[in-house]
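**Student:** To start, I am sharing the structure in question, which I have written as structure tokens.
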Amino acid sequence: MRLDNTKIIRSIEELLFEFGVNGETYKNITFYCRDLNHFYNTNILNGDALYNKIFTKLYDQKKAGKNVSIKTYKYFDKFSLFKNERGFERTDEIKVANSSINLEVLSQEKDIIEEFTKELANLANSFRDKDDKVKNFEEASSELVSNYKKLDQQINSLLDKLQNALIEKVTIILNHENFDKEKESIEAIKSGFTEIKENLKKASKDGKLYIAKEIFKFLFSLVDITDLKSTFKPLKLLLAVPDAL
């Protein structure tokens, strides 16, 4: 397909402007982005945010009868896993209200937290009948904390796997950015995961299953390999959990 009049857009404000100028002109509209998570977050309902304004424009064009689609290198809707009955399946569309937009994820690489949650779900399903599998991460975490004493070694093994995958990703990013505190950052990750294991063990031993479940949910939401600051801040907060137990 030939692309005429190609223009590089360098800001969200400029993109919104182009929507206004050219949105009515074309029948087919495809939104390309490197990481859709930076533009679309079902857990944040802020209509004034620039990224939500982009999707408002896309849905307006879809309702107007245009052929609208999205192509992205990476997308993983972590938060849909909590309530969505198809939460462990990859989606091929973005839904809002009664409308939907076709989605194509170009990369076949699995998100490290996606793999982690699916493995936790498989572990939780070992306590379920074949016709009563967990539907989402909410159900999986409930099953895991209820049977934690039977599963502690398997859970720790999955945590080790996640820790190593996270360190590998972080090392690549830090080397690329010439970050001079690589060793310190890796030690912080290792220390954080050690504390997570201890917190889960203590909460289970004390019968505080709700706290153990919240640790699972917090761990699930903290890892964003595209934003190291967003990852390390909640990791530091997790280290303070023993004081609350």
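Under our numbering, the first residue of the sequence shown carries the number 9, and numbering increases by one thereafter. A virtual CB, placed ideally from N, CA and C, is assigned to each residue, including glycine.
In its own chain, which residues sit with a C-beta less than 8 Å from the C-beta of I197, not counting the 5 before and 5 after it?
**Tutor:** Taking the first residue of the sequence shown as position 1, residue 197 is located at position 189. Within the same chain, I197 has close Cβ partners Q171, L174, I175, V178, L243.
**Student:** Does the count of Cβ pairs from the region 69-77 and the region 108-122 closer than 8 Å reach three?
**Tutor:** Result yes; three or more Cβ-Cβ pairs closer than 8 Å.
**Student:** Residues in its own chain within less than 6 Å of N36 by CB, not counting five upstream and five downstream?
**Tutor:** The residue labelled residue 36 in the question sits at position 28 within the sequence shown. Closer than 6 Å at the Cβ level, and outside the excluded window around N36, lie N75.
**Student:** So what's F145 in DSSP terms, helix, strand or just coil?
**Tutor:** Taking the first residue of the sequence shown as 1, we reach residue 145 at position 137. In the structure shown, F145 sits in a helix (DSSP, three-state: H, G or I).
**Student:** Is the beta carbon of K82 sitting closer than 8 Å to the one on L23?
**Tutor:** Along the sequence shown, one-based indexing puts residue 82 at 74. Along the sequence shown, one-based indexing puts residue 23 at 15. No, the Cβ-Cβ distance between K82 and L23 is not below 8 Å.
**Student:** Assuming I17 and E26 are in contact, meaning their beta carbons sit under 8 Å apart, how far apart are those beta carbons, in whole angstroms?
**Tutor:** Within the sequence shown, residue 17 is the residue found at index 9, counting from 1. Within the sequence shown, residue 26 is the residue found at index 18, counting from 1. About 6 Å; that satisfies the 8 Å criterion.
**Student:** Given C41, which residues of its chain have a CB within under 6 Å of its CB, disregarding the five upstream and five downstream residues?
**Tutor:** To locate residue 41, count along the sequence shown from 1; it is residue 33. Excluding positions up to five away in sequence, the list reads F47, T80.
**Student:** Just tell me which of K143, F84, N183 has its CA closest to the CA of K118.
**Tutor:** Sequence index remark: in the sequence shown, residue 118 carries index 110 (1-based). Looking at the Cα atoms, F84 is the closest of the given residues.
**Student:** Among E195, E192, N164, which one has its Cα closest to the Cα of E206?
**Tutor:** Taking the sequence shown and counting its residues from 1, one reaches residue 206 at position 198. Minimum Cα distance to E206 is reached at N164.
**Student:** Is F124 helix, strand or coil by DSSP?
**Tutor:** Taking the first residue of the sequence shown as 1, we reach residue 124 at position 116. Three-state DSSP puts F124 in a helix.
**Student:** What are the residues that DSSP puts in a beta bridge with F39?
**Tutor:** Locating residue 39 in the sequence shown gives position 31, counting from the first residue. Per DSSP, I78.
**Student:** Can the beta-carbon of E127 be found closer than 8 Å to that of L166?
**Tutor:** As a position in the sequence shown, residue 127 is number 119, starting the count at 1. As a position in the sequence shown, residue 166 is number 158, starting the count at 1. It is a contact, given that the beta carbons lie within the stated cut-off.
**Student:** Does the region 136-145 come into contact with the region 66-73, if we say contact requires no fewer than three beta-carbon pairs (one atom in each stretch) closer than 8 Å?
**Tutor:** Taking 8 Å as the limit for Cβ pairs, the verdict is that the region 66-73 does not touch the region 136-145.
**Student:** Could you have a look at T33 and say whether DSSP puts it in helix, strand or coil?
**Tutor:** Along the sequence shown, read from residue 1 onward, the residue named residue 33 stands at position 25. It is coil, neither helix nor strand.
**Student:** Suppose you measure from the CA of V142 to the CA of G31; what does that come to, to the nearest Å?
**Tutor:** Within the sequence shown, residue 142 is the residue found at index 134, counting from 1. Within the sequence shown, residue 31 is the residue found at index 23, counting from 1. Answer to the nearest angstrom: the Cα atoms are 43 Å apart.
**Student:** Does L114 come out as helix, strand or coil in the three-state DSSP assignment?
**Tutor:** Mapped onto the sequence shown, residue 114 falls at position 106. Coil at L114, not helix or strand.
**Student:** By a C-beta neighbour count over all protein chains shown, 10 Å radius and 16 as the cutoff for buried, is E147 buried or exposed?
**Tutor:** As a working note, residue 147 is residue 139 in the sequence shown. Buried, by the Cβ-count rule.
**Student:** In its own chain, which residues sit with a C-beta less than 8 Å from the C-beta of D100, not counting the 5 before and 5 after it?
**Tutor:** Taking the sequence shown and counting its residues from 1, the one referred to as residue 100 is at position 92. Contacts found: N110, L111, E112.
**Student:** Tell me the DSSP bridge mates of S108?
**Tutor:** Numbered from 1 along the sequence shown, position 100 holds the residue referred to as residue 108. Answer is K103, bridged to S108.
**Student:** Near I194, what residues of its chain come up, given a Cβ to Cβ distance below 6 Å and the 5 sequence neighbours on each side ignored?
**Tutor:** The residue you call residue 194 lines up with position 186 of the sequence shown. Correct list, in chain order: I175.
**Student:** Given that a residue counts as buried once 16 or more other Cβ atoms are within 10 Å of its Cβ, and exposed if not, what is G73?
**Tutor:** In the sequence shown, residue 73 corresponds to position 65, counting from 1. So G73 ends up on the exposed side.
**Student:** Given this structure, state the Cα-to-Cα distance separating K241 from E122, to the nearest angstrom.
**Tutor:** Stepping through the sequence shown from its first residue, residue 241 is reached at position 233. Stepping through the sequence shown from its first residue, residue 122 is reached at position 114. Here K241 scores only 47 on pLDDT, less than 50, and its place in the model should not be relied on; the value that follows carries that caveat. Whole-angstrom Cα-Cα distance: 20 Å.
**Student:** Buried or exposed for G28, going by 16 or more other Cβ atoms inside 10 Å?
**Tutor:** By one-based count along the sequence shown, residue 28 stands at place 20. When all chains shown are included, G28 counts as exposed.
**Student:** Is N164 helix, strand or coil by DSSP?
**Tutor:** The residue you call residue 164 lines up with position 156 of the sequence shown. It is helical.
**Student:** Going by DSSP in three states, S199 sits in which element: helix, strand or coil?
**Tutor:** Along the sequence shown, one-based indexing puts residue 199 at 191. Of the three classes helix, strand and coil, the one that applies to S199 here is helix, per DSSP.
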